[in-house]
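The structure appears below as structure tokens.
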Amino acid sequence: MISIFLYLYHSEPKLYPMKKTLTLMLACLITVLIAAQDDKAKTGWKFGGALPAISFDSNLGFQYGALVEFFNYGSPSIYPKWEDHIYAEVSRFTKGSGIYRLMFESNHLIPGIEWAVDLSYLPDLANHFYGFNGYESVYNADWMDTEASAYRSAMFYRHERNQFRFKNDFLGNLSGEKLKWSAGFAFQKFEVKSVNIDKLNKGKDDDLLPPLSQEPGLFELYRDSLGIISANEADGGWVNTLKAGVVWDSRDNRPNPMKGIWTELGFELAPGFLGNDWSFTKFYITHRQYFTLVENNLSLVYRLGYQATISGETPFFYQSQMITSRLTGAFNEGLGGFSTLRGVLKNRVVGEGFALGNVELRWKPMHFNLFNKESYLGLNLFYDLGMVTRKYDLPSNLNSTFNSAMTNYTISDFFNQGAEKMHHCAGISIMPVWGENFVIAVDIGKAFNEQDGNISFGIGLNYLF
0 MISIFLYLYH
10 SEPKLYPMKK
20 TLTLMLACLI
30 TVLIAAQDDK
40 AKTGWKFGGA
50 LPAISFDSNL
60 GFQYGALVEF
70 FNYGSPSIYP
80 KWEDHIYAEV
90 SRFTKGSGIY
100 RLMFESNHLI
110 PGIEWAVDLS
120 YLPDLANHFY
130 GFNGYESVYN
140 ADWMDTEASA
150 YRSAMFYRHE
160 RNQFRFKNDF
170 LGNLSGEKLK
180 WSAGFAFQKF
190 EVKSVNIDKL
200 NKGKDDDLLP
210 PLSQEPGLFE
220 LYRDSLGIIS
230 ANEADGGWVN
240 TLKAGVVWDS
250 RDNRPNPMKG
260 IWTELGFELA
270 PGFLGNDWSF
280 TKFYITHRQY
290 FTLVENNLSL
300 VYRLGYQATI
310 SGETPFFYQS
320 QMITSRLTGA
330 FNEGLGGFST
340 LRGVLKNRVV
350 GEGFALGNVE
360 LRWKPMHFNL
370 FNKESYLGLN
380 LFYDLGMVTR
390 KYDLPSNLNS
400 TFNSAMTNYT
410 ISDFFNQGAE
420 KMHHCAGISI
430 MPVWGENFVI
440 AVDIGKAFNE
450 QDGNISFGIG
460 LNYLF
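The sequence shown begins at 0 in numbering that gives the first Met the number 0 and counts up one residue at a time.
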């Protein structure tokens with residue numbers, strides 16, 4: 000079966016001023032039966048689907064691209080489970096941002112071990128950056144709004160970040176089928192620099208972004224004026240890591256568990272002998288639990304997570320990276336954004352340590368059969384919360400440095416010491432599911448505090464956890 004669906008797209012209202020941003024989303028659903036007998040067999044390699052993307056942003060340009068995936072259901076068939084999975088994605092804006100990703104998963108090539116390998120290049124001309132320690136860093140939405148009298152630049156809370164990633168995750172049985180060990184290694188190169196204003200202004204006749212010499216953004220102020228971002232991390236660098244942990248997994252299925260527990264904990268190390276410019280150790284633990292309220296129809300699920308640096312020095316650009324036993328998407332970062340706090344600005348809550356919670360009521364109001372595959376429509380109500388538990392260290396002489404270097408601002412424009420508390424958001428997810436493995440997630444989230452943004456909208460694949 001061939002399926003072409005709406006491509007994943009993320010947007011946050013007022014990310015750029017309304018008059019400067021036009022988003023066009025092309026949605027199509029074209030389903031063709033290759034052969035009834037072949038589809039019923041569900042054996043061997045199957046073409047899972049392709050998702051096109053078309054959008055436009057006046058700052059980033061036109062977006063275009065697609066993803067494609069294949070599943071190997073084995074012979075004899077183990078459908079809806081699979082033996083191998085290949086996922087490829089190419090999506091880019093004409094001015095340079097994009098996703099170039101190839102991922103392969105196998106449950107049988109290495110006997111007794113699940114293996115997932117990810118090779119990605121993720122250029123981002125306008126990566127989100129709001130400072131550190133959550134509410135202790137003040138967010139001023141008017142500074143990015145061209146219609147506001149306080150407007151400074153639509154790129155004020157942005158910097159360029161290009162990421163290369165080669166990541167391998169392994170999972171094997173430790174005792175029985177539920178207790179497992181996990182391990183992995185990753186080589187990642189981050190290139191960090193200021194937003195290329197000239198590139199973003201190219202081809203625009205009006206509403207030009209102001210040059211950084213006139214309106215430096217938060218990244219430039221932290222780097223050049225306040226010394227919060229040190230010289231040895233300001234340009235990025237290699238972060239090469241090793242990972243080890245344990246996993247307890249009693250879920251009844253992976254795409255949308257109705258019962259069971261999925262808990263993992265472990266350590267990630269960035270040792271000097273792997274060529275790192277920084278050396279650190281992080282600890283992580285994530286607990287997920289699933290309760291059936293109405294058989295095959297209604298469930299209550301939750302996720303609790305904690306992550307912290309326990310030794311060494313982590314570069315600022317790596318603090319937002321979430322650690323898990325297996326990477327499930329092109330990005331796995333936060334807190335804030337549609338993989339952590341849906342409704343809160345992406346990477347709004349960043350520190351040396353954080354706690355995270357998600358609760359969902361998952362309902363399947365409609366079941367149907369679509370081309371020989373059992374399908375359903377899911378509706379979720381969600382509530383997300385999180386906060387910094389260990390603060391990112393700011394310079395001890397910050398007040399005096401600020402007063403001498405930032406003559407156009409007051410310190411209260413940027414910092415509110417002691418203000419960090421729990422960040423909250425809630426919303427609804429619409430989940431069309433074809434078969435067992437193809438899940439589209441449409442999320443609408445609302446932040447409870449205007450310091451976290453307002454209403455966010457995102458389209459992606461799969462249940463959050």
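All residues carry an ideal CB built from backbone N, CA and C; glycine is no exception. Remember, it's a predicted structure, so these values are computed and weren't measured experimentally.
Please report the straight-line C-alpha distance between residue i and residue j, rounded to a whole angstrom.
i: residue 302; j: residue 334; result: 14 Å
i: residue 297; j: residue 258; result: 11 Å
i: residue 384; j: residue 403; result: 37 Å
i: residue 104; j: residue 328; result: 13 Å
i: residue 389; j: residue 256; result: 32 Å
i: residue 276; j: residue 234; result: 12 Å
i: residue 462; j: residue 359; result: 10 Å
i: residue 117; j: residue 167; result: 6 Å
i: residue 192; j: residue 112; result: 39 Å
i: residue 452; j: residue 79; result: 39 Å
i: residue 162; j: residue 294; result: 43 Å
i: residue 251; j: residue 225; result: 52 Å
i: residue 395; j: residue 221; result: 14 Å
i: residue 311; j: residue 190; result: 21 Å
i: residue 223; j: residue 374; result: 54 Å
i: residue 424; j: residue 348; result: 13 Å
i: residue 66; j: residue 315; result: 31 Å
i: residue 141; j: residue 372; result: 49 Å
i: residue 62; j: residue 443; result: 22 Å
i: residue 94; j: residue 121; result: 14 Å
i: residue 464; j: residue 345; result: 18 Å
i: residue 445; j: residue 362; result: 20 Å
i: residue 321; j: residue 337; result: 13 Å
i: residue 194; j: residue 422; result: 28 Å
i: residue 129; j: residue 365; result: 41 Å
i: residue 254; j: residue 434; result: 10 Å
Could you give the first and the last residue of the continuous alpha helix (DSSP H) run that contains residue i?
i: residue 402; result: 397–404
i: residue 196; result: 196–200
So is residue i buried or exposed if we call it buried at 16+ other beta carbons inside 10 Å?
i: residue 156; result: buried
i: residue 292; result: exposed
i: residue 185; result: buried
i: residue 436; result: buried
i: residue 109; result: exposed
i: residue 215; result: buried
i: residue 230; result: exposed
i: residue 409; result: exposed
i: residue 330; result: buried
i: residue 368; result: exposed
i: residue 416; result: exposed
i: residue 504; result: Residue 504 lies beyond the residue range present for the chain, which begins at 0 and ends at 464; the question has no answer from this structure.
i: residue 353; result: buried
i: residue 123; result: buried
Keeping to the same chain, check which residues put their C-beta closer than 6 Å to that of residue i; ignore five residues upstream and five downstream.
i: residue 172; result: 179
i: residue 284; result: 264, 305
i: residue 11; result: Any reading at residue 11 needs caution, since the residue's pLDDT is 41, under 50, leaving its predicted position unreliable; the model's value is listed next. Counting only Cβ-Cβ distances below 6 Å, and skipping sequence neighbours, we find 455.
i: residue 165; result: 118, 186
i: residue 468; result: Residue 468 is absent from the structure shown; the chain starts at 0 and stops at 464.
i: residue 318; result: 349
i: residue 47; result: 68, 69, 70
Using a Cβ-Cβ cut-off of 7 Å (strictly less than) and excluding sequence neighbours within five positions of residue i, which residues of its own chain qualify?
i: residue 182; result: 169, 242, 243
i: residue 419; result: 132, 133, 134, 135, 386, 387
i: residue 429; result: 378, 441
i: residue 107; result: 82
i: residue 273; result: 239
i: residue 248; result: 177, 179, 261
i: residue 43; result: 71, 72, 74
i: residue 460; result: 7, 438, 439, 440
i: residue 126; result: 157, 158, 159, 160
i: residue 299; result: 290, 292, 360
i: residue 400; result: 225, 226, 394
So residue i is in the beta strand (DSSP E); what residue range does that whole segment cover?
i: residue 102; result: 97–109
i: residue 125; result: 112–127
i: residue 448; result: Element bounds for residue 448: n/a, residue is neither H nor E.
i: residue 75; result: No beta strand (DSSP E) holds residue 75; DSSP gives it neither H nor E.
i: residue 431; result: 422–433
i: residue 90; result: 83–92
i: residue 418; result: No beta strand (DSSP E) contains residue 418, which DSSP labels as neither H nor E.
Does any residue of chain C bring its CB to less than 8 Å from the CB of residue i?
i: residue 368; result: The structure shown contains no chain C; it holds only a single protein chain.
If I measure Cβ to Cβ from residue i and keep anything under 8 Å in the same chain, skipping five residues before and after, which residues do I get?
i: residue 152; result: 142, 143, 208, 209, 214, 216
Could you pull out every unbroken beta strand (DSSP E) segment of at least 3 residues lying fully inside the segment 320–398, listed in chain order?
Fully enclosed beta strand (DSSP E) runs of 3 or longer: 352–369, 372–389.
List, from N- to C-terminal side, the beta strand (DSSP E) runs of 3 residues or more that fit wholly inside the segment 138–184. Unbroken beta strand (DSSP E) runs of no fewer than 3 residues, entirely contained in the segment 138–184, are found at 157–174, following chain order.
| said: So within the segment 182–267, which uninterrupted alpha helix (DSSP H) runs reach at least 4 residues, ignoring any that extend past its ends? | reply: Here the runs fully enclosed are 196–200.
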